[in-house]
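Have a look at the structure below, then the notes.
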Amino acid sequence: MLYDNAQPQLYPRPPLPLSLKIVGWLFIVFGTLSAVDIITSLVAGKLNLNFGVLQIFIGWGLLRLSPGWRIAALVCLWLGFALAFILAVASIFASNLKVTWFGERLSDPAETRLVALAIIALISLLLVWEYRVLTNPDIRRLFLRR
652 MLYDNAQPQL
662 YPRPPLPLSL
672 KIVGWLFIVF
682 GTLSAVDIIT
692 SLVAGKLNLN
702 FGVLQIFIGW
712 GLLRLSPGWR
722 IAALVCLWLG
732 FALAFILAVA
742 SIFASNLKVT
752 WFGERLSDPA
762 ETRLVALAII
772 ALISLLLVWE
782 YRVLTNPDIR
792 RLFLRR
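Structure (structure tokens):
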């Protein structure tokens, strides 16, 4: 089957499921935010090595159905799970926890823990959903066709 006269393809590219498009674009958005963080730090005269910028490439790879970038996305998600767990434990047991919420530093320790754990829980839910999308058998099959 031919898409154009220049490149023959053995398999037509299947349409991407909406969930996979969302996951790919979430990686791109968070990678872009990491890039903005790096640039902002450089402007402030600080060197910031934020490896989150790699998510831009992971997102593009997911949208192109690259098996290697799918594995990279899964590794990134597992690192996110580990970090969320560490932060949750630290939030529970830290004696001097400091959280800033929309520019205001929270002073009440119970409120601080609650906000920190709520944020970690929301991020963890997003990570779990992304993981479920990438490990869904139908989605996995899309990456194996190449």
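Our numbering runs 651 ahead of the 1-based position in the sequence shown.
Beta carbons are placed, not taken as given, at the ideal position from N, Cα and C, and that holds for glycine.
When C-beta atoms of the segment 722-734 are compared with those of the segment 746-755, fewer than three pairs fall below 8 Å, so the two segments do not count as touching. Distance from the Cα of A769 is smallest, within the candidate group R792, S742, L785, D759, for S742. Pairwise C-beta distances place the segment 663-683 in contact with the segment 696-714, as three or more of them are shorter than 8 Å. Measuring C-alpha to C-alpha distances from T786 to each of V694, R721, L698, L667 identifies R721 as the nearest.
When rounded, the separation of the alpha-carbon atoms in A739 and I771 is 7 Å. Contact annotation: L795 and A767 have beta-carbon atoms that are not nearer than 8 Å.
Taking C-alpha positions only, S775 is separated from E781 by approximately 10 Å. As the crow flies, the alpha-carbon of V750 is around 24 Å from that of V704. Going by DSSP, G731 is part of the alpha helix (DSSP H) stretching over 718-744.
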